[in-house]
Amino acid sequence: MRRILLLWSVLTVSLLFAGCSKKTIAIGEMDIDFTQIDLTDRNTGDTLSLDSEQSRELYEKLQETEFVQERPNRKSGGWDYWITFRKDDEVKKEFGIHGKDTLEYDGNLYKAVNSSMDLTDVKSYLYTTFQATVIGTENGLLVMPEKESMEAGSSDKISVGLSDTKFYDAEGNEISEDMLMVGDRIMITYSGAINESYPAQISAYEIDLLDRNILIQGYLAIIEELYEEDAALNSDITMIAVDTTEWINLSDEQKKMICNMVQDKYGFEVVENTYEELVEKGLIVEKELTYPNGILINISNLKYKEEKQKLTGSMEKWRSGLGATGSDFTAEYKDGEWKISKNKQWKS
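Start counting at 1 in the sequence shown, then tack on 4, and there's your number in this note's numbering.
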């Protein structure tokens, strides 16, 4: 009797574990015999039949990802792409792709086990993509396309329409539009159609956050602080010079982008120059120690503690020998914005 009860207990536990275990699948383990793939985009309703080389490339991208069943028997809808494997006219397998980490197969949803799917090839067949830097978020999304991109040939600034746009972070997780910041490097997926206005205009299907440099916003905040301090020094100016020689943790392109953003904000010509360069150009009259038509902004002696998101240094706005202001500063990134505190302030 005890033996029977023991066997019954073992059988019951085994059945429980079998019932609780989740099914795993991988496209590469299904041994699909196919000659081509049809790719359907839900956003447009278009279906594209890939040639044999494209079909094989896409299969190789998808075959190694392992998926685990999310919820048994959960019926799905809302796929982004539908992939149909065919051999001649016969459908061999069909899959739906939801977001970047979920596969629909045989009426059930399966979640990627270790990482999101690489959908670069999928998007490249249906859409155009390019990389850009966010330069404005207040009145919609404004970006500066990378120099090497085709889009940069149309305009140095592009206004991005965001109706029904999907947003993803660097890990492939879906995020909201308001999480994008000035300075973010992003990948934009769109139809390829550009409205040749200024700024140029496009409508984005998807935006992927590639990289974030919060220091761009930090430098902009310091410049704004300096510009507003002792506003009389700004009287009758037509240009702003910015000395970027001691700026840290920025590329030359990012420095130029910041200057362009300052120019857009205040409406004056902005140049990257040192004091000596302005003298050589005749813009600063050295004998009189004056910059008749502009102000020189200098941010120097910089140190950045990345783990604390804290930038320290000195800042100065100079108009003349008797018209200047400055201080040491500490800028800290807290609650999504830069907060600046000043000490050892001086004026002349």
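Positions of the beta carbon are idealized from the N, C-alpha and C atoms, including for glycine. This one's a predicted model, so the numbers in the text were calculated from it and none came from an experiment.
Anticipated Cβ contact below 8 Å, residue i with residue j, distance rounded
{"i": "V147", "j": "I162", "result": "5 Å"}
{"i": "I101", "j": "Y85", "result": "4 Å"}
{"i": "T39", "j": "D125", "result": "Between D125 and T39 the Cβ distance is about 18 Å, and since that is not below 8 Å, they are no contact."}
Cβ neighbours of residue i in the same chain (closer than 8 Å, five flanking residues each side left out)
{"i": "I227", "result": "V246, I262, V266, I301, I303"}
{"i": "Y47", "result": "Just to set this straight, residue 47 is Asn in the shown sequence, not Tyr. If we look at N47 and ignore the five residues flanking it on each side, its Cβ neighbours are D84, D168, Y209."}
{"i": "E70", "result": "T28, I29, A30, A116, V117, N118"}
{"i": "L306", "result": "E250, W251, I252, L315, T316, G317"}
Test item: CB-CB of residue i and residue j under 8 Å
{"i": "I36", "j": "S59", "result": "no"}
{"i": "S331", "j": "Q349", "result": "yes"}
{"i": "Q135", "j": "G187", "result": "no"}
{"i": "S410", "j": "K104", "result": "An answer regarding residue 410 cannot be provided, because it is not within the stretch 5 to 352 covered by the chain."}
{"i": "T334", "j": "K321", "result": "no"}
{"i": "A174", "j": "L214", "result": "yes"}
{"i": "D160", "j": "I190", "result": "no"}
{"i": "L254", "j": "L287", "result": "no"}
{"i": "I244", "j": "V274", "result": "yes"}
{"i": "F272", "j": "T242", "result": "yes"}
Closest by C-alpha distance to residue i, when choosing among the options
{"i": "V117", "options": "E250, K27, Y209", "result": "K27"}
{"i": "D110", "options": "A136, S128, Q73, T316", "result": "Q73"}
{"i": "E280", "options": "M154, L293, E273, L123", "result": "L293"}
{"i": "Y270", "options": "N277, S239, D256, T248", "result": "S239"}
{"i": "A328", "options": "D55, Q313, P149, G298", "result": "G298"}
{"i": "Y129", "options": "Q258, L43, E181, I288", "result": "L43"}
{"i": "A197", "options": "F171, L145, E155, A236", "result": "E155"}
{"i": "W251", "options": "L224, E61, M34", "result": "L224"}
{"i": "Y308", "options": "E336, E94, P296, Y295", "result": "E336"}
{"i": "E142", "options": "D182, S53, T248", "result": "D182"}
{"i": "Q205", "options": "S158, E232, M185", "result": "S158"}
{"i": "G176", "options": "E311, L237, T106", "result": "T106"}
{"i": "D55", "options": "K65, M34, R90, D45", "result": "R90"}
Buried/exposed call for residue i, threshold 16 Cβ in 10 Å
{"i": "K343", "result": "exposed"}
{"i": "M319", "result": "buried"}
{"i": "Y172", "result": "buried"}
{"i": "F21", "result": "The pLDDT assigned to F21 is 44, lower than 50, so where the model puts this residue is not dependable, and the model offers no usable value."}
{"i": "D50", "result": "exposed"}
{"i": "D122", "result": "exposed"}
{"i": "E341", "result": "exposed"}
{"i": "N277", "result": "buried"}
{"i": "T202", "result": "Sequence inspection shows Tyr at residue 202; the Thr mentioned does not correspond to that position. Its Cβ having fewer than 16 others within 10 Å, Y202 is exposed."}
{"i": "E290", "result": "exposed"}
{"i": "E310", "result": "exposed"}
Beta-carbon contacts of residue i that lie in its chain and below 7 Å, excluding the five residues immediately before and after
{"i": "A208", "result": "V164, G165, L166, T169, I192, T193, Y194"}
{"i": "G32", "result": "Q67, E68"}
{"i": "P149", "result": "F134, A136, E155, A156, I162"}
{"i": "S53", "result": "Q40, D42"}
Cut-off 6 Å between Cβ atoms - residues of its own chain near residue i, not counting five sequence neighbours on either side
{"i": "E57", "result": "none"}
{"i": "L15", "result": "For L15, the pLDDT reaches just 49, beneath the cut-off of 50, and the residue's location in the model is therefore unreliable, although a value from the coordinates is still provided. Around L15: no qualifying Cβ."}
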